[in-house]
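S.K.: Shown below is the structure under consideration.
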Amino acid sequence: MPYPGRVHGPYRYLFLLLRLDKISLSFGDRPLLDQVSLQLEEGERLALIGRNGEGKSSLLRVVLSVAEPDAGTLWRRPGARVSYLAQDLDLPSGQSVAEVVTAGLQGQRQALLDYQRLAAAGAAT
């Protein structure tokens, strides 16, 4: 049964953002992606879940056109933007992840710093 709200027929491609058709990718003798097909439409959300080394990041690299698949086709709607947050961050020297994240959120950053200061003062008394 189709998803509620999904458009079928000749207009279905108006909402299509991304389509992978029979994508395969191997590193050496180890296949990571074996004829993966996926379609993502406007309003849909996708989560990739799996063990380390099972191909999640490799699939994203194919979607970003950073890696070329061994077989299959990839289509992205013209003008569609794909964003990606790398697993490994190059943090500026001496800064924590929290400091980097809150650097662009000055109001929230100050509230967090105030909370941490008050929590430390309360723990000491």
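Taking our numbering, I'd label the letters of the sequence shown as residues 2 to 126. Yeah, the Cβ is synthetic: ideal placement off N, Cα and C, and Gly gets one too.
#1: What residue range is occupied by the uninterrupted beta strand (DSSP E) comprising Arg31?
#2: When the Cβ atoms of the region 47-65 are set against those of the region 22-32, are three or more pairs found closer than 8 Å?
#3: Mapping DSSP to helix, strand and coil, what is Arg62?
#4: Can you list, in chain order, the residues of its chain whose CB lies under 8 Å from that of Pro70, leaving out five sequence neighbours each side?
#5: What is the DSSP secondary structure of Asp89, reduced to helix, strand or coil?
M.R.: According to the structure data:
#1: First-last of the beta strand (DSSP E) with Arg31: Arg31 to Glu42.
#2: yes
#3: DSSP, read as helix, strand or coil, puts Arg62 in helix.
#4: Ile24, Ser25, Leu26, Leu34 and Val63
#5: coil
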